[in-house]
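Below is one structure, written out as structure tokens; the observations come after it.
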Amino acid sequence: MKKSSKIIIAVIAALIALTAVLAVIHSVARTEVPDGALLVSCGGEKKYVDLNSFNAVPVQGSVINGKGEKSYIDTQGVPLADVIKGAGFDPNNAAAVRVTADDEFSVELSGDELNEEGKAYLVGENDGSVRLVVFGDSNAKRNVRNVVSVEISLK
Numbered sequence: 490m491k492k493s494s495k496i497i498i499a500v501i502a503a504l505i506a507l508t509a510v511l512a513v514i515h516s517v518a519r520t521e522v523p524d525g526a527l528l529v530s531c532g533g534e535k536k537y538v539d540l541n542s543f544n545a546v547p548v549q550g551s552v553i554n555g556k557g558e559k560s561y562i563d564t565q566g567v568p569l570a571d572v573i574k575g576a577g578f579d580p581n582n583a584a585a586v587r588v589t590a591d592d593e594f595s596v597e598l599s600g601d602e603l604n605e606e607g608k609a610y611l612v613g614e615n616d617g618s619v620r621l622v623v624f625g626d627s628n629a630k631r632n633v634r635n636v637v638s639v640e641i642s643l644k
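Going by our numbering, the sequence shown opens with residue 490, and the numbers climb by one from there.
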């Protein structure tokens, strides 16, 4: 076997090993929550809440995707600020809120957006997962599926 072939095989083997190590690190670092729960944290304090324990309200409006296509939402959900209150934190003290999905994709809302009436909701999906719906954006990138955690940054 030529020397160059041995080097290529060694590089490929090293890349496979590195990929495996990174996959393990990623899976260990993911946020795990009990079924039906949502992790809400602020200043190092963590609480689990059950979205079903809140009074749902109508969630209706249009969102626009990256292609400019409008879709209408007509469901029931809970204002994000109410979920934060229900976890024992004051949404009025929030500078920002980071909402994270089970695949670690996250989006941020400002404290003003959090407290804006009719702006941000958490809705239950048919499969039991939770979705963030943010109205008023020119692109629905902040409408996150499979939400597992909400982290509040204080003013």
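For each residue, glycine too, the CB sits at the ideal point set by N, CA and C.
Assign residue i to one of two classes, buried (16 or more other C-beta atoms within 10 Å of its C-beta) or exposed (fewer than that).
i: residue 608; result: buried
i: residue 568; result: buried
i: residue 629; result: buried
i: residue 533; result: exposed
i: residue 511; result: exposed
i: residue 538; result: buried
i: residue 504; result: exposed
i: residue 643; result: exposed
Can you find the residues in the same chain that come closer than 7 Å, C-beta to C-beta, to residue i, ignoring five residues on each side of it along the sequence?
i: residue 602; result: 608, 609
i: residue 590; result: 633, 634, 635, 636, 637
i: residue 580; result: 570, 573, 574, 603, 604
i: residue 624; result: 550, 552, 607, 608
Mind reading off the beta-carbon distance from residue i to residue j? Whole number of angstroms is fine, and I expect it under 8 Å.
i: residue 566; j: residue 545; result: 6 Å
i: residue 632; j: residue 572; result: About 16 Å; that fails the 8 Å criterion.
i: residue 641; j: residue 594; result: In fact, because the Cβ distance is near 18 Å, the residues do not count as touching under 8 Å.
i: residue 612; j: residue 576; result: The pair is not a contact, with the Cβ atoms about 17 Å apart (cut-off 8 Å).
i: residue 622; j: residue 527; result: 15 Å between Cβ atoms; not a contact.
Go to residue i, then tell me how far its alpha helix (DSSP H) extends in each direction, as first and last residue.
i: residue 600; result: 600-604
Since residue i is in the beta strand (DSSP E), which residue starts that stretch and which ends it?
i: residue 539; result: 534-539
i: residue 642; result: 636-643
i: residue 530; result: 526-531
i: residue 631; result: No beta strand (DSSP E) contains residue 631, which DSSP labels as neither H nor E.
i: residue 545; result: Careful: residue 545 lies outside any beta strand (DSSP E) and carries neither H nor E.
Tell me which same chain residues have a C-beta within less than 6 Å of the C-beta of residue i, skipping the five on either side of it?
i: residue 563; result: 549
i: residue 596; result: 588, 631, 633
Run through the stretch 554-594 for me and flag every whole alpha helix (DSSP H) of 4 or more residues, listed as ranges in chain order. Every unbroken stretch of the alpha helix (DSSP H) spanning 4 or more residues and falling wholly within the stretch 554-594 is given here in chain order: 569-575.
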